[in-house]
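S.K.: Sequence order for the protein chains is F and E.
Just so it is clear: in the first sequence, position 632 is 632 by the numbering used here, and no numbers are missing.
Just so it is clear: in the second sequence, position 657 is 1657 by the numbering used here, and no numbers are missing.
Number of protein chains: 2
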Amino acid sequence: MNQFLIADPWKIIEDRFYPNRVKASESLFSIGNGTMGQRANFEEQYSGKSFHGSYIGGVYYPDKTRVGWWKNGYPEYFAKVLNSAFWIGIDVKVNGQELDLAKLKILNFYRELDMRHGTLTRIFTVEMKDKTEVMVKSVRFVSLARTELGAVQYSVTPVNSDATVEFASYIEGDVRNEDANYNEKFWELVGQTTESVTMRTKKTGFQVCWMMANEVNAPDARIEKRGREERVEEIITARAADKQPLVLTKYVGIVSSLNHQPADLVTAAARVVKEAREAGFDALLEEQRQSWLEKWKSCDIEIGGDEAAQQGIRYCIFQLLQTYTGKDSRLNVGPKGFTGEKYGGGTYWDTEAYCLPFYMAAVGAEVGRQLLIYRYNQLDKAIENAEKLGFTGGAALYPMVTMNGEESHNEWEITFEEIHRNGAIAFAIFNYIRYTDDRKYLAEYGLEVLIAIARFWAQRVNWSEEKRKYVILGVTGPNEYENNVNNNWYTNYIAVWCLKYAAFAVDYVRQHDPGRYEAIVAKTLFDAPFEVEHWYDIIGKMYFPKDVRRGIFLQQDGYLDKEQTLVRDLSPEDRPLNRKWSWDRILRSDFIKQADVLQGLYFFEPDFDLETIRRNFRFYESRTVHESSLSPCVHAILAAEIGDMDKAYEMYLRTSRLDLDDYNREIEEGLHITSMAGSWMSIVEGYGGMRVRENKLSFSPKLPEEWEYYSFKIKFRGRVVKVTVQGTETVIDIEEGEPLEILLDGRPEQVIRERTFAAPPLPDEA
Amino acid sequence: MNQFLIADPWKIIEDRFYPNRVKASESLFSIGNGTMGQRANFEEQYSGKSFHGSYIGGVYYPDKTRVGWWKNGYPEYFAKVLNSAFWIGIDVKVNGQELDLAKLKILNFYRELDMRHGTLTRIFTVEMKDKTEVMVKSVRFVSLARTELGAVQYSVTPVNSDATVEFASYIEGDVRNEDANYNEKFWELVGQTTESVTMRTKKTGFQVCWMMANEVNAPDARIEKRGREERVEEIITARAADKQPLVLTKYVGIVSSLNHQPADLVTAAARVVKEAREAGFDALLEEQRQSWLEKWKSCDIEIGGDEAAQQGIRYCIFQLLQTYTGKDSRLNVGPKGFTGEKYGGGTYWDTEAYCLPFYMAAVGAEVGRQLLIYRYNQLDKAIENAEKLGFTGGAALYPMVTMNGEESHNEWEITFEEIHRNGAIAFAIFNYIRYTDDRKYLAEYGLEVLIAIARFWAQRVNWSEEKRKYVILGVTGPNEYENNVNNNWYTNYIAVWCLKYAAFAVDYVRQHDPGRYEAIVAKTLFDAPFEVEHWYDIIGKMYFPKDVRRGIFLQQDGYLDKEQTLVRDLSPEDRPLNRKWSWDRILRSDFIKQADVLQGLYFFEPDFDLETIRRNFRFYESRTVHESSLSPCVHAILAAEIGDMDKAYEMYLRTSRLDLDDYNREIEEGLHITSMAGSWMSIVEGYGGMRVRENKLSFSPKLPEEWEYYSFKIKFRGRVVKVTVQGTETVIDIEEGEPLEILLDGRPEQVIRERTFAAPPLPDEA
């Protein structure tokens, strides 16, 4: 447990100022509303180390690629979400002296992120150079209800004398990315008024207008407007009486050309600000609180008897909710959300593999659907991307990292070879329909994507005369501690699965929506009998590496030629490998960065018996170093599945407080948003054993002995289902919606409202 | 045959000015003396596209690495030979008008590189704007005898009237590398006089002083000295009578802190210039001619009946001779010599694999020895390099690219994995001793290197429980169109060979020089019985991939899983693959960039019977695209060996005029110096069949039917041996030195002076 944070079920709290952790806390206390986000930078001037970050979803710039040795096929640009105008800024002077926490004596300091209500509060008292003591309180949020509004209330209270206080509230448009390959500035000025700045991204031409209105509770305050190019500023000077707060309220409208005509931006921003002022800060705050309470109603997880775990899981859910709301199918979930710039804010296969299950269940089917449509809309680019790599005939390779559908990444072993991502995108369609029963999605959007992906695999395999089988050469699996391997089991498996599912989908749409089917055939020039026959040939003759003696699937050809060392025999000085070992040494070791074969067993669990899962789990888990934050959740789920509750708990702990406890000392750069979904999965799919089986919601709940109880809520086909596991009992409650037949440990059970079941015995553990 | 060049046995000639080929010709006509080199830039101002390049061997700068995705173990810097002060500059005005070939009417133009005498001459006539016609002649060279001297004689002759001519002879120190990762300037000024500039490289602190003296054949010339920071300039204005040449002679001393104390540089440069002036240009030119004639005496190759081939091979020899003389063991052979900046001018395994045989035979044993000592001197750095990658106990991994012994390269699949280079460095020791019989080298220098390399392999292999053999995982072989493969046959073979040879060397030195042996044991903490026993264990149990059915060695594990396509079935639109295909497609194809298994058969030919070589040659040659200039020579030699003279000739042609004919349209960047050694090998080792067998010089000459005859000269153990092959006869002539017993087609023969043998029948071709 992080020694810097106070445990609390609903809040993240710092009760002291830690000068060495400012950047880390700026990440931790970030706020967002799915449209934009803001790191927890101080409003006032801070001369210590800080990383200002303000991000607007969907506003990106193609930064020129940096590469040592160019490879044919690399993209020229890496599209990045941009650090944008700093709109929270309120510099403060007290009796002419600058308020700067890096330079003053701090008498107390308290910061709180209220996850239940979506607000960030900071309260501190400092002694100025002239011994005046002032208490400062700031409350801020980015509005969930009004996605273009940010608001700050900033009060200064002299506590041992009267004082003259000067606020300089500003919007600074001259912002650069911390993460820029050639130190370029990505923004240029479009225009400004005394209250607003409008900037445009170079090349991509996105326009954003920031407009502010400042109110202060001092009728006689002196107000002066200043600024310079790319900056507007309002100086408000007033006298604050002893123990009387001087309160500045700052409303900022942030509107972009994603949602408005460029010519209308200033008007649109003015409207946001005007409506906010009319409502007033207190009403807006209450609106924010209600919006967040509403969100929590269908997705809270309670953990009894473990305050740190309770705080950890709510933190994960909170961050996921504020990163992506599903209102805009142009947006997606960047690995760091709105909390940093690393990885460029682009979309990875994390979305399909980890985030989709969370958003479907926690927020709703329509949110999952938006994530799928994001990829549907980028299908043409995925086809172009495949063409660049030599594929033809409408084959699609979705990019490893993307903003607009074009590939951004430039490591050949990843960009060109980590092609299993294509499988995850197909699997997400299956997974979405399985969960939501939205079968029409196949005809509407799914089939086109599935055909294009199947075409890719059909070309990417090759026939090995030697093996008399189809093989897939030169790939990187989910385990990126192997590069350019042959016959990665997971990749081969998901490739065949894609072909099967595409063939099924072709058949399904042909039968259920023949008109749409014909339209798709015409659009995609689909040569149904010929192509599907070829798919079945591959399905029947694919090669899968395995070790018969051990009864396991082999991660790839030649894996057993490696020296078989176990993680438990690694010296602590060698950890983490990715910092201590040279890359070649990592590559030729048997150590696994993240679930690879096990990822396949997780996705395709119904295809395998429990003993097979157990044997593979034992073999691979002992070799996995989990140096990706996306790894432990899959292990946690499978461990729970095979009844290894100790391992499940160990794996759960690896991610649940990864950022809160800053295990890897790297959260300064931003949080691990996508892997937070893994923590949710570990509880709901791991301990709760939630699946959809036989078109029914299914559970096989297990309670870790470290917890008194836990409960989770999910949305499922028009219902809110709450599952509580405590002692020997499982309570299933349909909080909203119709009765439901579920499977509990495989037995069909009817649940009308609330029903209590005796806990099942734990399965044997070998 | 290049349409731009005139065929000539001893000269490279352009008889027209080709404005679009200026940069290419600047490379082609480069001159050097082993210490420094100069691209064939015009002395006078040229406003068209040009690439000024002047290089001094051993003067380098560690340019900050550029990389997209950092991998643990990458070097921070890439050490580069630097483009340095432009010392040939002589701007010219005629009647006040600038002489600039890009802007004037050119009446004639002739340029000649005299390979026999080491001089570059240019003669042209232009019409000035005022219709004055002037003929210009420039002769220049960098002195072989006086390695710190460059000289230019530049004459202007008005041919249709008198004219006023102004020469501005200068040294420009403000020079940047074309190839700089972050556009930095690498030089800073130390000081300057009216005749000299002294510059220092940043970080590395090498100092170089350039000093000039200008003489003109006009006693009444007006002379003015100018300049600015980092530049000295002398303006010489004189009247030239009609058809009377005005001649400027420019002597430049170029001295560096590699050979002088920094404080003495100006004095040293002055001495060079003074001595040159005392000798005078004509005498210096004659000295240069004699120096080059002397060089050619022991290494010329004559080809009868093929002028293009004759010119091509002499060009290769000439470039190799002027790139490296072996006088300084701190220097080596960069892939582009002194003709460009690409690849940083560093040392690659090209030196050991391709250049060493040439220099030993063409220039002398002592030159080969210098190349070995270069690596000996860098042994400590090679041990450090291995330590960075996790190796211990005095194991050495020589860098892929280096200037000072430290690794410069930064592609993991090359830097960390193309470890076969270590084998080439050990093989060079063996090859040198085999050729020269300098057995003492083992005790003096060789053994230490061999132990360190053997230690590397002993750690780099691992035991495969699966195969019950030692394996080598995660390597890149000479064929860089495969990355991170397992059990590359060539790498496994040379690893075992290194262990054997190191074990032999241990034994040899222990027996022949016990004192030195004990010293080496003490210095290297060599645990003889234990380490050697381990080596033998690996030697006995190494795994070698093979295909029993085809009777071939397999390039690596899984090679036969690839789609087996032949080069002859590739569409021309797909060539060259490295420009037309994405990298992953190249990697998973069966196409081979350069000799890989065949490289091993070439190095270790005595280990294999002719049928094995033939089978492997047929298999791999048909899959090799030769997209490395280092590839065809090995194929040429093996083709000759198996009697496939058509293929041998085809392969010979691939490199012999690679640069002269600018096959790949890339010589603007510089020449392929190291691969020129391959052309020499193709004739001497290919057609001539030169080997050392049973400690005797051995030949098995074959005459390609395209040639009337050929002859080559080599130095061998104190002799100059000339071999002439014509019609059905081979003539062996000991031009210098003692009689020699040779092997001719395997038969021992005594040669006292000159002896003629009947040509052997060609071996059967399957």
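Using N, Cα and C, we set each Cβ at its ideal position, and we do this for glycine too.
Contact criterion: CB-CB distance below 8 Å. Does Glu-384(F) meet it with respect to chain E?
M.R.: No, Glu-384(F) lies away from the interface with chain E (no Cβ there is under 8 Å from its Cβ).
S.K.: Which residues of chain F have a Cβ atom closer than 7 Å to the Cβ of Leu-1189(E), listed in chain order?
M.R.: Simply none; closest approach about 27 Å.
S.K.: Quick one: Cα of Ala-85(F) to Cα of Ala-361(F), how far?
M.R.: Those two C-alpha atoms are separated by around 35 Å.
S.K.: Does any heavy atom of the ligand FMN sit closer than 7 Å to the C-beta of Tyr-490(F)?
M.R.: This structure does not include the ligand FMN; it has no bound ligands of any sort.
S.K.: Just checking: is the beta-carbon of Trp-349(F) within a distance shorter than 8 Å of some beta-carbon in chain E?
M.R.: No, its Cβ sits nowhere closer than 8 Å to a Cβ of chain E.
S.K.: Looking at Gln-555(F): is its Cβ nearer than 8 Å to the Cβ of Gly-446(F)?
M.R.: Their beta carbons are not under 8 Å apart, which means Gln-555(F) does not touch Gly-446(F) by this criterion.
S.K.: Assuming Met-128(F) and Val-136(F) make a contact with CB atoms under 8 Å, what is their CB distance in whole Å?
M.R.: Rounded, the Cβ-Cβ distance is 11 Å, inconsistent with contact.
S.K.: Can you list, in chain order, the residues of its chain with a C-beta nearer than 8 Å to that of Glu-754(F)? Leave out the 5 residues immediately preceding and following it.
M.R.: Contacts found: Val-731, Ile-732, Asp-733 and Ile-734.
S.K.: Among Thr-1119(E), Asn-1404(E), Tyr-1376(E) and Ala-1454(E), which residue has its Cα nearest to the Cα of Leu-1285(E)?
M.R.: Per the Cα distances, Thr-1119(E).
S.K.: Identify the contact partners of Trp-1463(E) in chain F, using a Cβ-Cβ distance below 9 Å as the criterion.
M.R.: By Cβ distance, chain F contributes Glu-563.
S.K.: Taking the alpha-carbon of Arg-585(F) as reference, which of Gln-594(F), Glu-518(F), Val-597(F) and Lys-562(F) has the nearest alpha-carbon?
M.R.: The option with the nearest alpha carbon to Arg-585(F) is Lys-562(F).
S.K.: Helix, strand or coil for Ala-766(F) per DSSP?
M.R.: In this predicted model, Ala-766(F) has a pLDDT of only 43, less than 50, meaning its place in the structure is not dependable enough to derive any value.
S.K.: Are Phe-254(F) and Met-36(F) touching if we call contact CB-CB under 8 Å?
M.R.: Here residue 254(F) is Ile; the residue named in the question, Phe, does not match the sequence. Against a cut-off of 8 Å, the Cβ pair of Met-36(F) and Ile-254(F) comes out as a contact.
S.K.: What's the C-alpha gap between Lys-1103(E) and Glu-1234(E)?
M.R.: Looking at the two C-alpha atoms, the distance is approximately 24 Å.
S.K.: Please state whether the Cβ-Cβ distance between Ile-1472(E) and Asn-1422(E) is less than 8 Å.
M.R.: No, the pair does not count as a contact, with Cβ atoms beyond the cut-off.
S.K.: Starting from Ser-582(F), find everything on chain E with Cβ-Cβ shorter than 8 Å and list it in chain order.
M.R.: Ordered by position in chain E, the residues that pass the 8 Å Cβ test against Ser-582(F) are Lys-1071, Asn-1072, Gly-1073, Lys-1388, Leu-1389, Gly-1390 and Phe-1416.
S.K.: For Ile-752(F), does the three-state DSSP call read helix, strand or coil?
M.R.: Looking at Ile-752(F) - three-state DSSP - the assignment turns out to be coil, as it is neither helix nor strand.
S.K.: Could you say which of Leu-1321(E), Arg-1271(E) and Gly-1304(E) lies nearest to Lys-1295(E) if we only look at CA atoms?
M.R.: Minimum Cα distance to Lys-1295(E) is reached at Leu-1321(E).
S.K.: Since Asn-479(F) meets chain E, which of its residues come closer than 8 Å, beta carbon to beta carbon?
M.R.: Within 8 Å Cβ-Cβ: nothing; Asn-479(F) doesn't reach chain E, min ~14 Å.
S.K.: Reducing DSSP to helix, strand and coil, say where Gly-558(F) ends up.
M.R.: In this structure, Gly-558(F) counts as coil in the three-state DSSP scheme.
S.K.: Return the residues of the stretch 472-497 of chain F that lie within a Cβ-Cβ distance of less than 7 Å from chain E, sorted by chain order.
M.R.: The stretch 472-497 of chain F vs chain E, Cβ under 7 Å: Leu-473, Gly-474, Asn-483, Asn-484 and Asn-486.
S.K.: Just to confirm before moving on: does the CB-CB distance between Lys-1250(E) and Ala-1151(E) stay below 8 Å?
M.R.: A contact, by the Cβ cut-off of 8 Å.
S.K.: What does the alpha-carbon distance come out to for the pair Asn-1410(E) and Asn-1072(E)?
M.R.: Those two C-alpha atoms are separated by around 10 Å.
S.K.: Where do the N-terminal and C-terminal ends of the beta strand (DSSP E) with Arg-140(F) fall, by residue?
M.R.: Here the beta strand (DSSP E) through Arg-140(F) covers 133-142.
S.K.: I'd like to know if Asp-1282(E) contacts chain F, where contact means its C-beta is closer than 8 Å to some C-beta of that chain.
M.R.: So, not an interface residue.
S.K.: For the stretch 602-613 of chain F against the stretch 576-590 of chain F, do three or more pairs of beta-carbon atoms, one drawn from each stretch, fall closer than 8 Å, so that the two count as touching?
M.R.: Because the criterion of three Cβ pairs below 8 Å is not met, the stretch 602-613 of chain F and the stretch 576-590 of chain F do not touch.
S.K.: Rounded C-beta distance between Arg-369(F) and Tyr-441(F)? I'm assuming under 8 Å.
M.R.: The Cβ separation is near 7 Å, so the contact holds.
S.K.: Leaving out the 5 sequence neighbours to the left and right, which residues in its chain are closer than 7 Å to Glu-1224(E) when beta-carbon positions are compared?
M.R.: For Glu-1224(E), where only same-chain residues beyond five positions count, the Cβ hits under 7 Å are Ile-1235.
S.K.: Using a beta-carbon distance cut-off of less than 7 Å, what residues from the stretch 401-412 of chain F approach chain B?
M.R.: As a matter of chain content, chain B is missing from the structure shown, whose protein chains are F and E.
S.K.: Enumerate in chain order the residues of its own chain whose CB-to-CB distance from Gln-1097(E) is below 7 Å, with the five nearest sequence positions on each side excluded.
M.R.: Here the set comprises Met-1128, Lys-1129 and Asp-1130.
S.K.: In chain order, which continuous runs of the beta strand (DSSP E) of length 3 or greater are located wholly inside the stretch 1443-1523 of chain E?
M.R.: Entirely contained in the stretch 1443-1523 of chain E, the beta strand (DSSP E) runs reaching 3 residues are, in chain order, 1462-1464 and 1469-1471.
S.K.: For the candidate residues Gly-1558(E), Thr-1436(E) and Val-1449(E), whose alpha-carbon lies nearest to that of Glu-1482(E)?
M.R.: Among Gly-1558(E), Thr-1436(E) and Val-1449(E), the Cα nearest to that of Glu-1482(E) is on Gly-1558(E).
S.K.: Return the Cβ separation of Leu-660(F) and Leu-113(F) in integer angstroms, given the expectation that the two are a contact with Cβ distance under 8 Å.
M.R.: With 8 Å as the limit, Leu-660(F) and Leu-113(F) do not qualify as a contact, their Cβ atoms being about 11 Å apart.
S.K.: Note the first and the last residue of the continuous beta strand (DSSP E) segment covering Glu-112(F).
M.R.: Counting along the chain, the beta strand (DSSP E) containing Glu-112(F) begins and ends at 105-114.
S.K.: Using 8 Å as the cut-off, can you tell me whether the stretch 530-541 of chain F makes contact with the stretch 494-508 of chain F, which would need three or more C-beta pairs spanning the two stretches below that distance?
M.R.: Contact holds: three or more Cβ-Cβ distances are below 8 Å.
S.K.: Within a Cβ cutoff of 8 Å, which residues of the same chain sit near Thr-1373(E), ignoring the five residues on either side of it in sequence?
M.R.: The sequence given here places Ile at residue 1373(E); Thr does not occur at that position. Contacts found: Ser-1329 and Tyr-1445.
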